[in-house]
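Presented below is the structure to which this report refers.
In the working numbering, the protein residues as written are 1363 to 1503.
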């Protein structure tokens, strides 16, 4: 008799569990368009560092002075002759959960590109959609 009561208790518990609503899984992460200057993972930061190097080499190939490196900083040296290309200052992101910092400064009376135009071109390189080094509108969306 005790066994029968125990069996009914177990069956009642199982029947109660069967009527519970299903548990939903973890929330789904929705991909959101992110800031090209941000990187979340080591792989993404490494990829964007390579794209930054491509940007500075293409910038020099277009006629701008070569940049120098000091740790994570890429910059146009102060002692290069002044040209109509803005001087660059780019701080590379850390290994993950970091951002690339960008600054450009025109040292001449006028420059081929404004700092916002050059920033947009740089961001296009980070997004793997490089725009030309021209004053034309550069869209990466």
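Beta carbons are placed, not taken as given, at the ideal position from N, Cα and C, and that holds for glycine.
Keep in mind that this is a model prediction, so the values were computed, not measured.
By the three-class DSSP mapping on this structure, what secondary structure does residue i have?
i            : result
residue 1499 : coil
residue 1415 : helix
residue 1446 : coil
residue 1491 : coil
residue 1423 : helix
From what residue to what residue does the beta strand (DSSP E) around residue i run?
i            : result
residue 1466 : 1463-1467
residue 1480 : Residue 1480 -> not in any beta strand (DSSP E); alpha helix (DSSP H) instead, spanning 1477-1488.
residue 1430 : 1430-1432
Can you tell me which of the options puts its alpha carbon nearest to the alpha carbon of residue i?
i            : options                : result
residue 1457 : 1397, 1401, 1441       : 1401
residue 1440 : 1434, 1470, 1498, 1424 : 1470
residue 1448 : 1405, 1408, 1501, 1483 : 1483
residue 1464 : 1396, 1418, 1409       : 1418
residue 1479 : 1502, 1459, 1396, 1428 : 1502
Compare the beta carbon distance of residue i and residue j with 8 Å and say whether it is the shorter of the two.
i            : j            : result
residue 1475 : residue 1495 : yes
residue 1414 : residue 1462 : yes
residue 1399 : residue 1488 : yes
Which partner residues of residue i appear in the DSSP bridge assignment?
i            : result
residue 1451 : 1437, 1465
residue 1460 : 1401
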